[in-house]
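Asker:
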Amino acid sequence: MRRREFVVGALSTGALVTTLPAASATPFAADALSGAVPYGAAIRIDELADILYSEAVRTYCKVIVAEGAMKWSDLQAVRGSFTFEPTDTLLAFAQDNDIELRGHTLAWYAALPEWAERISSAEEARTELVHHIDTVVGRYKGRIRSWDVVNEAIAEDPTPDAPYRDSVWLRHLGPDYIELALRTASEADSSAQLVLNDYEFEQPTDQARAKRKAFLDMVRGLKSRNVPLHAIGLQGHLRGESAVDSPGISSFVAELSALGLGILVTELDVIDDQLPGPIEERDKLIAARAREFLSAIGSVVRPEIVVTWGVSDQHTWVPIWFSRQDGLPNRPLPLDENYQPKELMRVIQDFTQSFA
1 MRRREFVVGA LSTGALVTTL PAASATPFAA DALSGAVPYG AAIRIDELAD
51 ILYSEAVRTY CKVIVAEGAM KWSDLQAVRG SFTFEPTDTL LAFAQDNDIE
101 LRGHTLAWYA ALPEWAERIS SAEEARTELV HHIDTVVGRY KGRIRSWDVV
151 NEAIAEDPTP DAPYRDSVWL RHLGPDYIEL ALRTASEADS SAQLVLNDYE
201 FEQPTDQARA KRKAFLDMVR GLKSRNVPLH AIGLQGHLRG ESAVDSPGIS
251 SFVAELSALG LGILVTELDV IDDQLPGPIE ERDKLIAARA REFLSAIGSV
301 VRPEIVVTWG VSDQHTWVPI WFSRQDGLPN RPLPLDENYQ PKELMRVIQD
351 FTQSFA
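Printed below as a string of structure tokens:
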């Protein structure tokens with residue numbers, strides 16, 4: 001299937017639900033996802049001891065990202081004392097299996113240790129942010145090629161007067177912390193791809209339109225000052241019951257691409273708490289929503305990667321925040337709880353190979 005066929009097939013959600021091929025009863029061959037766009041997933045390091053989990057990662061993933069181990073609270077729980085062993089273990093696993101490890105994340109409003117939340121001055125904030133980024137990126141220079149440098153910088157509901165999300169970094173450094181983080185990462189590894197990562201651009205709402213505008217304004221400002229920035233991560237935590245604003249996403253991606261930026265899909269899943277319970281119907285609706293999102297991007301550019309936020313329904317953040325009222329398990333990811341591929345994996349396979 002080529003890209004035009006994939007995109008045309010996604011023009012109607014209703015048509016998608018009735019025409020998606022059934023998922024295979026057995027995992028796809030290891031080369032089934034070796035299309036032009038690499039597929040990958042966020043990984044929980046402690047689960048790699050599970051043979052089924054680690055084998056699923058080896059079978060399907062060409063890219064992985066640590067779900068939690070590279071956040072501040074894990075890397076530097078105690079000021080000045082870095083814990084690199086889990087990341088080193090994940091990097092060794094990736095290298096042993098010819099998988100790329102992405103870095104996530106160097107500056108975020110959340111997952112900060114208590115000591116960082118208590119930072120009380122601009123000088124202290126600058127010193128600690130620079131030290132952390134320089135230490136982490138420097139350690140993995142030449143081994144981790146791509147970094148989510150700043151994660152979720154834009155406010156949930158941005159306004160012209162308040163476009164940025166509150167954080168210890170914003171409070172003490174203002175929005176300049178974003179430029180500081182990017183320049184520091186570039187100085188630590190000038191060959192690394194530097195990424196801004198964010199979410200909820202795809203909703204057909206005024207809030208999402210405001211978020212896209214605020215993000216574009218931020219990016220244009222950074223580019224006008226020659227700040228090192230190479231790509232944008234579109235997370236893609238999709239709402240199963242809400243249609244994707246395909247024209248809005250396509251236009252957004254086109255504007256980012258025109259600025260010379262690559263596009264990455266970094267945290268794809270489909271939140272299904274509002275979808276019908278029956279598994280066959282729900283899986284088709286989930287796959288349809290993902291296909292809408294990927295088609296809106298793929299109609300404009302070839303994304304560099306497609307990464308889901310987890311590989312199996314057995315390990316997902318979704319029920320923590322979006323558990324179903326009927327008590328049924330959530331099914332937001334490409335593999336079910338038994339590591340069998342679902343319609344969502346077939347959509348990802350078709351999409352990645354449409355660029356081959």
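Residue numbers for the sequence shown follow UniProt numbering, so the first one is 1 and each next one is one higher.
Here a beta-carbon is modelled for each residue, glycine too, at the ideal position from N, C-alpha and C.
1. Indicate whether residue 214 and residue 175 have their beta-carbon atoms separated by less than 8 angstroms.
2. Where does residue 68 fall in DSSP's three states?
3. Taking residue 181 and residue 129 to be in contact with their CB atoms under 8 angstroms, please state how far apart those CB atoms are, rounded to whole angstroms.
4. Quick one: Cα of residue 304 to Cα of residue 266, how far?
5. How about the segment 192-210 and the segment 148-166: do they share at least three Cβ pairs that are nearer than 8 angstroms?
6. Within 10 angstroms of its Cβ, does residue 123 collect 16 or more other Cβ (buried), or is it exposed?
7. By the 10 Å Cβ neighbour count, where 16 or more other Cβ atoms means buried, how is residue 75 classified, buried or exposed?
8. Distance check for residue 69 and residue 89, CA to CA, integer angstroms please.
9. Check whether the Cβ atoms of residue 164 and residue 173 sit closer than 8 angstroms, and answer yes or no.
10. Taking residue 86 as the reference, give the member of 142, 49 and 56 with the closest Cα.
11. Give the DSSP-derived three-state secondary structure of residue 39 in the structure shown.
12. Can you list, in chain order, the residues of its chain whose CB lies under 6 angstroms from that of residue 289, leaving out five sequence neighbours each side?
13. In terms of residues, what are the limits of the beta strand (DSSP E) holding residue 360?
14. If you check the beta carbons only, do residue 244 and residue 322 fall under 8 angstroms apart?
15. Specify whether the segment 270-288 and the segment 220-235 touch according to this definition: at least 3 beta carbon pairs, one from each stretch, less than 8 angstroms apart.
16. Is residue 254 helix, strand or coil when you go by DSSP?
17. What are the uninterrupted segments assigned as alpha helix (DSSP H) that are 4 or more residues long and contained completely in the segment 295-344, given in chain order?
18. By a C-beta neighbour count over all protein chains shown, 10 Å radius and 16 as the cutoff for buried, is residue 247 buried or exposed?
19. Assuming residue 334 and residue 344 are in contact, meaning their beta carbons sit under 8 angstroms apart, how far apart are those beta carbons, in whole angstroms?
20. Look at the Cβ atom of residue 63, then the Cβ atom of residue 38, and state whether they are nearer than 8 angstroms.
21. From the DSSP output, which residues share a beta bridge with residue 197?
22. Which stretch, first to last residue, makes up the beta strand (DSSP E) that contains residue 107?
23. Under the rule that 16 or more other beta-carbon atoms within 10 Å means buried, what is residue 298, buried or exposed?
24. Under 8 angstroms, do residue 133 and residue 92 count as touching if we go by C-beta distance?
25. Between residue 24 and the rest of its own chain, which residues show a CB-CB distance below 7 angstroms, the 5 nearest in sequence each way excluded?
26. With distances taken from CA atoms, which of 185, 262 and 155 is nearest residue 103?
27. Over what stretch of residues does the alpha helix (DSSP H) that includes residue 182 continue unbroken?
28. By the three-class DSSP mapping on this structure, what secondary structure does residue 2 have?
29. Can you tell which of 282, 178 and 312 has the C-alpha that lies nearest to the C-alpha of residue 229?
Answerer: With the given structure in hand:
1. No, these two residues do not count as a Cβ contact at 8 angstroms.
2. In the displayed model, residue 68 falls within coil according to three-state DSSP, outside both helix and strand.
3. Rounded to whole angstroms, the Cβ separation of residue 181 and residue 129 is 6 angstroms, and the two are in contact under 8 angstroms.
4. Our two residues, residue 304 and residue 266, have alpha carbons roughly 10 angstroms apart in a direct line.
5. At 8 angstroms Cβ cutoff, the stretches touch.
6. Flag for residue 123 reads exposed.
7. Flag for residue 75 reads buried.
8. It is roughly 10 angstroms from the alpha-carbon of residue 89 to the alpha-carbon of residue 69.
9. No. Outside cutoff.
10. Ranking the options by Cα distance to residue 86, first place goes to 49.
11. The answer is strand: DSSP assigns residue 39 an E or B state.
12. Once the five neighbours on either side are set aside, the close Cβ partners of residue 289 are 238, 240 and 270.
13. What is shown of the chain runs 1 to 356, which leaves residue 360 out entirely.
14. No, Cβ-Cβ distance for residue 244 and residue 322 is not below 8 angstroms.
15. Cβ pair count under 8 angstroms is below three, so no.
16. Note: residue 254 maps to helix in three-state DSSP.
17. Counting only runs of 4+ residues, the alpha helix (DSSP H) found wholly inside the segment 295-344 occupies 318-322, in chain order.
18. Counting every other CB atom within 10 Å of its CB across the protein chains shown gives residue 247 a total below 16, marking it as exposed.
19. Confirmed, about 5 angstroms.
20. Their beta carbons are under 8 angstroms apart, which means residue 63 touches residue 38 by this criterion.
21. Beta-bridge pairing by DSSP links residue 197 to 151 and 233.
22. Segment 100-108, the beta strand (DSSP E) holding residue 107.
23. Residue 298 is buried by the Cβ-count criterion.
24. No; because the gap between Cβ atoms is not below 8 angstroms, this pair is not in contact.
25. At residue 24 the pLDDT is 37, less than 50, meaning the model places this residue with poor confidence and gives no usable figure here.
26. Looking at the Cα atoms, 185 is the closest of the given residues.
27. First-last of the alpha helix (DSSP H) with residue 182: 176-188.
28. Low per-residue confidence applies at residue 2: pLDDT is 49, beneath 50, and the placement is therefore not dependable, though the value from the model is reported in the following sentence. In this structure, DSSP gives residue 2 a state outside helix and strand, which the three-state scheme calls coil.
29. Looking at the Cα atoms, 178 is the closest of the given residues.
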